[in-house]
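A short worksheet on the structure shown next.
Residue numbers (this note's numbering): 73 to 760.
Laid out in structure tokens, this is it:
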């Protein structure tokens with residue numbers, strides 16, 4: 073007996089037309105890439121250097137034109153009421169634009185997909201019924217994998233249509249998270265778009281509550297600036313600074329997915345890698361070494377070697393002797409010292425200044441020396457000896473080494489700046505023989521970087537994104553600030569998540585140390601990722617950890633997303649394993665977050681239970697969706713489901729209660745769909 077034949081449901085003709093446009097757009101993108109791959113560079117390059125540069129540009133262009141099979145080529149469409157271009161205006165109708173991650177054009181050059189960063193795309197994020205921006209219809213597309221499966225229309229000029237929440241937008245925001253961080257280009261909200269498209273000339277600071285998308289906003293801002301100011305930033309460079317390598321690995325695919333491949337990423341520690349880190353400071357020593365007062369101590373140390381001559385300078389050239397008296401030498405050195413230019417630059421200028429003074433005496437005596445004579449005098453052994461004596465070269469690492477080992481030298485440089493007790497706190501307790509074997513700490517490396525900048529100016533980039541900025545010390549802010557001294561910055565953070573002893577107290581203070589005191593501060597309080605029930609529970613901690621901040625809210629009301637459970641101490645590990653199993657039954661990623669000291673025991677429990685797990689920063693996949701996360705590394709990461717172990721232990725793992733409660737606030741706000749809190753000890757008072 074044959075089963076009856078069931079005809080497939082008919083396909084919506086409108087949906088089919090959109091699928092056809094997607095297929096045609098993908099074909100056009102492949103053709104664009106093939107055109108670049110077929111370029112012959114042999115007849116257009118003059119030297120091997122220009123050929124190599126051009127070849128590199130071509131390879132980057134080919135990579136940027138890659139068609140990512142599971143990434144939608146376009147995610148929206150705008151139907152304008154009136155024509156934008158002259159060609160369409162002649163037809164008397166509006167225009168239609170598909171909005172996507174990159175520009176795609178057909179064989180004749182007509183656009184098939186418009187880059188989301190183009191001005192014509194902006195109304196996709198900003199248009200509303202109260203201000204439609206000449207948009208008649210905004211269409212959003214839904215995808216399963218790389219296949220277009222749905223569409224949804226908003227008629228912005230139809231008075232009969234009421235406001236409502238976009239189901240496709242909500243589905244995209246709530247989509248389970250497996251793998252690295254994704255871009256949010258399809259879901260950027262109006263308040264986020266204003267930050268993304270802000271002008272390059274000014275620095276912006278974003279105070280963002282958990283789940284508000286501040287990290288994604290910062291990354292999309294980089295992509296936008298590279299689109300709008302590509303030539304400028306291609307020369308000066310861009311950089312994303314994150315708190316640790318796990319975090320940078322988590323976000324590293326966002327910009328390539330938007331076609332941007334040339335943005336460097338680094339931690340602060342990698343920026344200041346002048347010495348090998350061999351030790352760790354006690355918290356008070358680290359706090360003092362990160363204090364902005366250390367900049368003055370280092371400035372004095374760098375200039376401590378400058379001395380004034382007591383003997384005249386005598387230069388012998390041929391049969392003549394030219395003499396500069398002591399008072400003239402003193403005037404030249406004092407003038408250079410008073411100008412406060414970089415120590416190394418002044419040291420390089422001093423021999424030329426001395427040589428120029430000698431040339432003036434030659435001219436007074438009837439000679440006619442030129443620049444070659446001045447250069448020769450500047451290289452004269454007597455001049456070089458005088459410069460070395462009065463303005464000796466400074467090795468940054470050696471100078472900081474001396475400062476941290478020589479009590480008398482530190483006292484002379486820190487007089488009136490640091491107390492004797494503070495000086496004793498930052499000095500190394502054990503003598504060390506050399507720079508190479510010294511017990512350098514992370515805070516020491518920042519001091520070496522500051523000293524290096526006092527000697528020679530640090531090169532400035534065009535734009536720097538600084539994420540999780542609330543955890544930086546004043547000296548770390550200075551280290552990042554010098555790398556965008558002539559450029560701009562996007563500063564991202566949340567004062568409530570400051571978990572270092574030196575965490576900043578206000579953005580005004582932080583921006584002052586960064587060298588950007590006039591930066592504009594934006595506050596994002598509307599969350600899109602963390603459910604309302606979870607963020608409301610975590611916000612109970614705000615009065616204790618950041619009393620000046622407004623509580624965050626969420627657009628996602630997900631009843632049942634928070635569960636609290638107290639168990640007996642000897643049953644806690646088994647309960648945690650069971651909670652992880654339960655979370656893994658659902659789609660998406662799961663993070664088990666615990667105090668750092670608890671990680672070995674939990675790793676053993678998961679292994680014994682046959683539950684494989686990943687380390688933070690390791691990319692999740694469909695087959696490996698559980699990550700065991702020390703609380704100290706949870707910041708900036710997100711998981712669909714979070715199982716949080718023993719909040720009291722998270723608090724106790726920090727040097728003080730406020731820092732511990734802030735660490736707990738971070739852990740509580742990593743969940744996108746559900747949070748399960750398990751504990752044997754009583755919860756912190758603020759959460760009871």
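In this text, a Cβ means the ideal position worked out from N, Cα and C, and glycines have one as well.
- Contact between residue 736 and residue 714 does not hold, since the beta-carbon distance rounds to 12 Å and is not under 8 Å.
- Residue burial annotation: residue 142 is exposed, with fewer than 16 other C-beta atoms found within 10 angstroms of its C-beta.
- When DSSP states are grouped into helix, strand and coil, residue 484 belongs to the helix group.
- Beta-bridge annotation (DSSP): residue 337 is paired with 312.
- Straight across, the Cα-Cα distance linking residue 759 with residue 361 is about 35 Å.
- With a beta-carbon spacing of about 5 Å, residue 568 and residue 617 fall inside the 8 Å limit used to define contacts.
- Going by DSSP, residue 466 is part of no beta strand (DSSP E) at all; its letter is neither H nor E.
- Fully contained in the region 484-538 are the following beta strand (DSSP E) runs of length 3 or more, in chain order: 535-538.
- When DSSP assignments are scanned along the region 182-217, the uninterrupted stretches of beta strand (DSSP E) that are 3 or more residues long and fall wholly within it turn out to be 183-187 and 207-216.
- Restricting attention to beta strand (DSSP E) runs no shorter than 3 residues, the region 567-635 encloses them at 592-596, ordered along the chain.
- In the same chain as residue 258, and ignoring 5 residues on each side of it, the C-beta atoms closer than 6 Å to its own belong to 147 and 244, in chain order.
- Taking a 10 Å sphere around the C-beta of residue 125, we find fewer than 16 other C-beta atoms and assign the residue as exposed.
- Of all alpha-carbon atoms in 389, 624 and 474, the one lying nearest the alpha-carbon of residue 373 is that of 474.
- When DSSP states are grouped into helix, strand and coil, residue 232 belongs to the coil group.
- Non-local beta-carbon contacts of residue 368 in its own chain, meaning distances under 8 Å to residues more than five positions away in sequence, involve 489 in chain order.
- Our two residues, residue 560 and residue 275, have alpha carbons roughly 5 Å apart in a direct line.
- When the Cα atoms are used, residue 265 and residue 145 turn out to be separated by approximately 20 Å.
- Between residue 614 and residue 621 a beta carbon distance of about 6 Å is seen, short of the 8 Å cut, so the two are scored as contacting.
- Contact between residue 705 and residue 747 does not hold, since the beta-carbon distance rounds to 18 Å and is not under 8 Å.
- Residue 286 counts as buried, since no fewer than 16 other beta carbons sit within 10 angstroms of its beta carbon.
- Between residue 378 and residue 462, the C-beta spacing is below 8 Å.
- In this structure the region 322-340 lies against the region 305-314, because at least three pairs of beta carbons, one per stretch, are closer than 8 Å.
- Annotated three-state conformation of residue 564 is strand, per DSSP.
- When secondary structure is reduced to three states using DSSP, residue 699 falls in the strand class.
- For the pair residue 602 and residue 283, the CB atoms are nearer than the 8 Å cut-off.
- Per DSSP, residue 332 is not a residue of any alpha helix (DSSP H), being assigned neither H nor E.
- Residue 663 and residue 698 have their alpha carbons spaced roughly 6 Å apart.
- With a cutoff of 8 Å on beta-carbon distance, residue 375 and residue 322 are scored as not near each other.
- Annotation: the continuous alpha helix (DSSP H) that includes residue 319 extends over 317-323.
- Judged by pairs of C-beta atoms under 8 Å, the region 218-231 touches the region 195-210, as three or more such pairs exist.
- The C-beta distance from residue 468 to residue 523 rounds to 4 Å, short enough to meet the 8 Å contact threshold.
- Fully contained in the region 241-309 are the following beta strand (DSSP E) runs of length 3 or more, in chain order: 276-280.
- In this model, residue 177 and residue 88 are separated by some 21 Å (Cα to Cα).
- Rounded to the nearest whole angstrom, the C-alpha separation of residue 518 and residue 478 is 19 Å.
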